[in-house]
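Those sequence lines, one after another, are chains V and L. Here the first sequence is numbered in our numbering, starting from 5 and rising by one per residue. Here the second sequence is numbered in our numbering, starting from 5 and rising by one per residue. Each residue gets a CB set at the ideal place from its N, CA and C atoms; glycine is no exception. Since the structure comes first, as structure tokens, the remarks are kept for the end.
Number of protein chains: 2
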Amino acid sequence: MKIVLIGSGNVATQLGKAYLKTENEILQVYSNTLKNAEALSIILKCNFTNYINKINSEADVYIIALRDDVIEDFVKKFQCKGRVLVHTCASLPMDILKPASDDYGVMYPLQTFSKNRELNLKKVPIFTEGNSLETKIVITSLASAISDEVYDLNSEQRLKLHTAAVFANNFSNHLYKIAGDILKTSGLDFEILKPLIQETTDKVMKNNPADMQTGPASRKDDKTIQKHIELLKDFPEYKRIYELLSESIERNSK
Amino acid sequence: MKIVLIGSGNVATQLGKAYLKTENEILQVYSNTLKNAEALSIILKCNFTNYINKINSEADVYIIALRDDVIEDFVKKFQCKGRVLVHTCASLPMDILKPASDDYGVMYPLQTFSKNRELNLKKVPIFTEGNSLETKIVITSLASAISDEVYDLNSEQRLKLHTAAVFANNFSNHLYKIAGDILKTSGLDFEILKPLIQETTDKVMKNNPADMQTGPASRKDDKTIQKHIELLKDFPEYKRIYELLSESIERNSK
Numbered sequence: 005m006k007i008v009l010i011g012s013g014n015v016a017t018q019l020g021k022a023y024l025k026t027e028n029e030i031l032q033v034y035s036n037t038l039k040n041a042e043a044l045s046i047i048l049k050c051n052f053t054n055y056i057n058k059i060n061s062e063a064d065v066y067i068i069a070l071r072d073d074v075i076e077d078f079v080k081k082f083q084c085k086g087r088v089l090v091h092t093c094a095s096l097p098m099d100i101l102k103p104a105s106d107d108y109g110v111m112y113p114l115q116t117f118s119k120n121r122e123l124n125l126k127k128v129p130i131f132t133e134g135n136s137l138e139t140k141i142v143i144t145s146l147a148s149a150i151s152d153e154v155y156d157l158n159s160e161q162r163l164k165l166h167t168a169a170v171f172a173n174n175f176s177n178h179l180y181k182i183a184g185d186i187l188k189t190s191g192l193d194f195e196i197l198k199p200l201i202q203e204t205t206d207k208v209m210k211n212n213p214a215d216m217q218t219g220p221a222s223r224k225d226d227k228t229i230q231k232h233i234e235l236l237k238d239f240p241e242y243k244r245i246y247e248l249l250s251e252s253i254e255r256n257s258k
Numbered sequence: 005m006k007i008v009l010i011g012s013g014n015v016a017t018q019l020g021k022a023y024l025k026t027e028n029e030i031l032q033v034y035s036n037t038l039k040n041a042e043a044l045s046i047i048l049k050c051n052f053t054n055y056i057n058k059i060n061s062e063a064d065v066y067i068i069a070l071r072d073d074v075i076e077d078f079v080k081k082f083q084c085k086g087r088v089l090v091h092t093c094a095s096l097p098m099d100i101l102k103p104a105s106d107d108y109g110v111m112y113p114l115q116t117f118s119k120n121r122e123l124n125l126k127k128v129p130i131f132t133e134g135n136s137l138e139t140k141i142v143i144t145s146l147a148s149a150i151s152d153e154v155y156d157l158n159s160e161q162r163l164k165l166h167t168a169a170v171f172a173n174n175f176s177n178h179l180y181k182i183a184g185d186i187l188k189t190s191g192l193d194f195e196i197l198k199p200l201i202q203e204t205t206d207k208v209m210k211n212n213p214a215d216m217q218t219g220p221a222s223r224k225d226d227k228t229i230q231k232h233i234e235l236l237k238d239f240p241e242y243k244r245i246y247e248l249l250s251e252s253i254e255r256n257s258k
């Protein structure tokens, strides 16, 4: 298939690099920032533009990998009737694409994308949706070219999945930041926590997290909890997080 | 050194197994539950008892690996004057051991211990403290026999470290449980989140977590946040956690 990539951020970059290794052809990169469009086009060895009306009309599929909040506006200015249009967002319904094409859908890769981190998409689950059987087949085939884990998922389920992912990824990362901040007050480095973080992760790879819960809240050790809360008095925000999560663990423990 | 292990839970078991591979000798296991003392003694090929007054008095070091809340009581009933007594707890001060010996200290391994999980203690940091220089030397040598990462740390710093560890381990594990609960309502399995959890961990092994923060809160995408909060209306507890952590991330993001 011939592909036009709309976007030049982390997701567009990772998808582009992945398609470069397949038999699909990337015709062009669009970004409203010329410099970014050009930079990614060099990596992907294709054309680039920063004008919506100069987007190549010969592609089979147009993949939108823009920030959630600019897609609605982009779709009002863009037309690709007769071609398949997909977005890659977790939290936007498929139908947001309707103004620009009659054949549209979603291809959402469940992963955290960062600049300068090489990522093997093969093991990244991709969740697809299409507004017709034909479109769905095209999008599933598109996703299967870069990932071994492709699943059907409607817009409502995808929003739930994204909410779960925010807990598992964004929030746990923030807890690591908080842990590092507390350690600093003790003259210790975040480094010291790495074996513990690795083991926490290794455990849930093979076990149900609820069965693996340890710590003062899970054994209802209120004496220790009080000591920790007292120690967090200079971090009122972290203290509230500590209290709320400890209460939640206590309530979920036998 | 000749060691008596006081306790038969996860920490006692892991320490015992680690010392079995060293030149130190485990003389005996004590547990107030005879069955547990015996079970661990079989693994460690040593004697066992469930009577405090039958604890072998010939050891050089007595390692208390009991639950935090029973140690104070144990120490009132036990005497090992002239011998080194250590506890392995994060949140108890060293001085809690004073009633039982004049030479005492702490050997706290920073790790999450679960039954039936083999653990290599060599890379687990152990934090030591002693009430005199001589005792500190003994305890450091004891810890160094099983771990390559041994650090001095006083009781106050240790409590801070433990608070940080609760965020990094206990709380992130609870977030994984919550993510799994939300997924279930969508008919999806926790399995699907594993590549994301692994990548989140891999990222903080090589980067500062604050620099790696992604997601709706970090980009102040209030539309998506509102959708997630709306979706969590049937989970009031999880909704509060979502709100509090999102606020905290927003406040910490540029």
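Per DSSP, cross-strand counterpart(s) of residue i
i	result
K227 of chain L	According to DSSP, which records beta bridges pairwise, K227 of chain L is partnered with nothing at all.
P113 of chain L	L:I130
V8 of chain L	L:Q32, L:Y66
Y108 of chain V	V:L89
Span separating the alpha-carbon of residue i from that of residue j
i	j	result
I186 of chain V	T167 of chain L	8 Å
A16 of chain L	F52 of chain L	13 Å
E149 of chain V	K181 of chain V	The residue asked about is misnamed: residue 149 of chain V is Ala in this sequence, not Glu. The alpha-carbon atoms of A149 of chain V and K181 of chain V are separated by roughly 36 Å.
D73 of chain V	G20 of chain V	21 Å
Q18 of chain L	E122 of chain L	8 Å
A183 of chain V	F194 of chain L	25 Å
L165 of chain L	L96 of chain L	12 Å
S190 of chain L	F175 of chain L	23 Å
F171 of chain L	E254 of chain V	15 Å
S162 of chain V	N173 of chain V	Reading off the sequence shown, one finds Arg at residue 162 of chain V, where the question assumed Ser. Near 16 Å, if we compare the C-alpha coordinates of N173 of chain V and R162 of chain V.
I47 of chain V	T26 of chain V	15 Å
S159 of chain L	N120 of chain L	30 Å
M5 of chain L	N256 of chain V	43 Å
S105 of chain L	Y112 of chain L	19 Å
T116 of chain L	S151 of chain L	15 Å
D206 of chain V	L125 of chain V	21 Å
V142 of chain V	E29 of chain V	15 Å
K81 of chain V	L197 of chain L	35 Å
K227 of chain L	Y55 of chain V	27 Å
A214 of chain V	K258 of chain V	11 Å
G13 of chain V	A69 of chain V	8 Å
K243 of chain V	F131 of chain L	25 Å
A41 of chain L	C93 of chain L	20 Å
G11 of chain L	M98 of chain L	18 Å
Coil, strand or helix - residue i by DSSP
i	result
F156 of chain L	Note that residue 156 of chain L is Asp in the sequence shown, not Phe. Strand, per DSSP.
D238 of chain V	coil
Y55 of chain V	coil
D295 of chain V	Look at the range of chain V in this structure, 5 to 258, and you will see that residue 295 of chain V is not part of it.
L96 of chain L	coil
R255 of chain V	helix
A172 of chain L	helix
F49 of chain L	The residue asked about is misnamed: residue 49 of chain L is Lys in this sequence, not Phe. Note: K49 of chain L maps to coil in three-state DSSP.
N177 of chain V	helix
S148 of chain V	helix
N211 of chain V	coil
K262 of chain L	Nothing can be reported for residue 262 of chain L, as the shown portion of chain L is limited to 5 through 258.
A221 of chain V	coil
Given residue i as reference, the closest of the options once Cα atoms are compared
i	options	result
E251 of chain V	L:D107, L:H178, L:L48	L:H178
H91 of chain L	L:K58, L:K49, L:V8	L:V8
L157 of chain L	L:L114, L:V65, L:K210, L:Q202	L:L114
K140 of chain V	V:I30, V:V154, V:D206	V:V154
L31 of chain L	L:P103, L:G13, L:K58, L:K39	L:K58
I229 of chain V	V:Y55, V:M216, V:Y246, V:T218	V:Y246
K188 of chain V	V:I143, V:L163, V:F239	V:F239
D107 of chain V	V:N120, V:V88, V:S118, V:I143	V:V88
S61 of chain V	V:C84, V:A43, V:F78, V:L44	V:C84
M209 of chain L	V:N28, V:I47, V:P220, V:P199	V:P199
R223 of chain L	V:N211, V:L249, V:R71, V:V110	V:R71
P220 of chain V	V:E133, V:N211, V:H232	V:H232
Y34 of chain L	L:I67, L:E234, L:S136, L:E76	L:I67
S118 of chain L	V:D99, V:N211, V:T37	V:N211
T218 of chain L	V:A41, V:A169, V:E133	V:A169
V79 of chain L	L:G86, L:K102, L:C50, L:E241	L:K102
CB contact check: residue i to chain B, cutoff 7 Å
i	result
Q115 of chain L	The structure shown has no chain B; the protein chains it does contain are V and L.
Query raised in the report: In chain order, what residues of the stretch 160-176 of chain L put their CB closer than 9 Å to some CB of chain V?
Result: E160, Q161, R162, L163, K164, L165, H166, T167, A168, A169, V170, F171, A172, N173, N174, F175, S176
Report task. Check each residue of the stretch 77-99 of chain V: if its Cβ is closer than 7 Å to any Cβ of chain L, include it; give the result in chain order. Result -> S95
Requested in this report: Using a Cβ-Cβ cut-off of less than 8 Å, give me the residues of the stretch 118-145 of chain V that come near chain L, in sequence order.
Outcome: S118, R121, L123, K127, V128, P129
Query raised in the report: For the stretch 216-228 of chain L, which residues have a CB atom closer than 9 Å to at least one CB atom of chain V, in sequence order?
Result: M216, Q217, T218, G219, P220, A221, S222, R223, D225, K227, T228
**Report entry** Residues within the stretch 7-34 of chain L neighbouring chain V, beta-carbon criterion of under 7 Å
**Finding:** none
**Report entry** chain L contacts from the stretch 200-211 of chain V (Cβ-Cβ distance under 9 Å)
**Finding:** L200, I201, Q202, E203, T204, T205, D206, K207, V208, M209, K210, N211
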